[in-house]
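Numbering follows our numbering, in which position 22 of the sequence shown is assigned residue number 23; successive positions increment by one, without gaps.
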Amino acid sequence: ALAALLLAAGGAAATDEAGTKFLEDKATEPGVVSLPSGLLYKVLKQGSGHFHPTQDSPCACNYEGSLIDGTVFDSSYKRGQPTTFAPNQVIKGWTEAMQLM
2 ALAALLLAAG GAAATDEAGT KFLEDKATEP GVVSLPSGLL YKVLKQGSGH
52 FHPTQDSPCA CNYEGSLIDG TVFDSSYKRG QPTTFAPNQV IKGWTEAMQL
102 M
């Protein structure tokens, strides 16, 4: 199972030129996997479990959300504890990625 992911996603219609370039650059980095949905991910730390979360499985997640310029807009690390939510409670890219963990 995946223990950690680096995520990037964006629909073509909702992504400006800078965002498109960012995603194109990320897609060429070593270890980055590109899914048909447009989700990009990279395993940061391989887990040892054999089960994956379902849509309704509560998951404790540490995460940091940032803009392409590096501005952090949300961080469980800064709060000092993971946040718990299920894949069906988050944005589309997270729903897909969490079920790969």
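Glycine included, each C-beta is placed from N, C-alpha and C at the ideal position.
For G66 and Y78, the gap between their C-alpha atoms comes out near 10 Å.
Pairing E25 with H51, the inter-Cα distance amounts to about 32 Å.
Looking at the DSSP output, V73 sits in a beta bridge with S67. By DSSP's assignment, T85 forms a beta bridge with A61.
Between the alpha carbons of P88 and C60 lies a gap of roughly 8 Å.
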